[in-house]
Amino acid sequence: MHCGGCRCGLAAETVTLFCFSVRCNVDVNTKVKPKSSSALIQGFCWLMLFHRRQRHKTDSNMETTQEKCYDPFDSSLRFVDEEDVLDFLCEGFQSRRALMSCGHAVTPMSLTKWCRTLLDQGETRFVCGLIGCDVEWPYAEVRKMALLTPEETKYFEKSMASNLARAISGAKLCPGCKSSLMRENEFSLCVRCTVCTANTRRAYDFCWQCLREWKGPAPRSDRCGNDGCCNESLKTLATCPDIIIWSVTCPSIRACPTCGALLQHDSATCRYVHCPRCKKNFCFVCLRLTPKCLNRSSNHFGHCSTGVAPRQTSIPVWRKK
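Just so we're aligned, residue 14 is where the sequence shown starts under my numbering, counting upward by one.
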């Protein structure tokens, strides 16, 4: 007999079977002709139930397992009948959709998963995941709208503090011991971890770029000897196509001259852009900050007095004050 919830096709005889689909919790209490011995079926059912419980356990990162849903009577939420914009895996969360401050609909589960992804990538800010929307959500809004549990709140705040410390100091995690390290020589990608060196009783160096154990001669500033070691940002800057901004030809992607964030121009607006990371304005053509670029011989839609800056071959490092 089928359970009716997910068509799992389980058969039973005078026993209670559970549908083991992630989205189905339908109990099946019926008596049908067994397809095999009752002991075998019952053993299979308990085995499936065990695996389901194991799969739904909370992992070491405090990942939410039981679906969270909004209270339909919560008057502080703006419920809408719209698509969940953060359900990238089409998991079909059952909660009602509510609007974030950016105007896009989410569920507490999709919001939790998206913000966890940002934290795991080392981000310190929560930005809407919809393409074209760069609105930053305050943590208080994320905590409320994601219905964060006490465990999740602790994980979020700890990750935010850790990511912020690394962002300010420019530190990275050693691939061996996961300790936070600073690069003393900015012109060398080879970094020695004193913790791993002491633990392994041999010199342990890793690549600051690909975060793998160092291979090849050192020091080097371009790459190590590992296959695939390259600066993807520099590769993007070198290979991106050209665009025309008000009769001026320049690369379509630039690294912000202040913080190094990669920004792409749509070629439809003027040459001045605003970096959402460092909040600075700069000219996409000459790469100078706006006040320095504006003078008597240039305007928002004219040519820069210094001409077009060449393709960038290095990523600016953000020196926060």
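Backbone N, C-alpha and C fix where the C-beta goes; we use that ideal spot for every residue, glycine too.
Helix, strand or coil at residue i [DSSP, three-state]
| i | result |
| --- | --- |
| Trp150 | strand |
| Ala13 | Look at the range of the chain in this structure, 14 to 334, and you will see that residue 13 is not part of it. |
| Arg129 | helix |
| Gly329 | The question names Gly, but residue 329 in the sequence shown is Pro. Coil. |
| Leu124 | helix |
| Phe57 | Caution is warranted here: a pLDDT of 42 is assigned to Phe57, below 50, making its placement in the model unreliable, and no coordinate value can be reported. |
Distance between residue j and residue i (C-alpha atoms, nearest Å)
| i | j | result |
| --- | --- | --- |
| Asn212 | Cys220 | 19 Å |
| Pro188 | Cys128 | 24 Å |
| Arg301 | Cys141 | 29 Å |
| Ala178 | Ser234 | 25 Å |
| Cys210 | Ser108 | Before going on, a small fix: residue 210 reads as Thr here, not Cys. If I take the Cα positions, the gap works out to 50 Å. |
| Phe101 | Thr130 | 12 Å |
| Pro264 | Gly135 | 28 Å |
| Asp97 | Cys253 | 32 Å |
| Cys229 | Lys191 | The displayed chain sequence assigns Gly, not Cys, to residue 229. About 22 Å. |
| Asn198 | Glu226 | 17 Å |
| Ile256 | Arg267 | 12 Å |
CB-CB length for residue i against residue j, believed under 8 Å
| i | j | result |
| --- | --- | --- |
| Ile241 | Cys223 | Position check: residue 241 holds Gly in this sequence, whereas Ile was assumed. That pair is a contact at about 7 Å. |
| Thr125 | Arg110 | Wrong, their Cβ atoms sit about 15 Å apart, outside the cutoff. |
| Ile144 | Ser246 | Actually they do not touch by this definition, with Cβ atoms about 20 Å apart. |
| Cys269 | Cys283 | Actually they do not touch by this definition, with Cβ atoms about 17 Å apart. |
| Ala231 | Cys203 | 4 Å |
C-beta contact flag for residue i and residue j at 8 Å
| i | j | result |
| --- | --- | --- |
| Val321 | Cys299 | yes |
| Gly183 | Met173 | no |
| Thr262 | Tyr285 | no |
| Leu99 | Ser123 | yes |
| Phe297 | His278 | yes |
| Ala251 | Arg324 | yes |
| Thr249 | Trp331 | no |
Task: Secondary structure, alpha helix (DSSP H): runs of 4+ residues fully inside the stretch 143-213 - done: Assignment of alpha helix (DSSP H) within the stretch 143-213, counting only whole runs of 4 or more residues, yields 152-158, 163-182, 207-213 in chain order.
Open item on the list: So within the stretch 243-272, which uninterrupted alpha helix (DSSP H) runs reach at least 4 residues, ignoring any that extend past its ends?
Closed with: Listed in chain order, they are 245-252.
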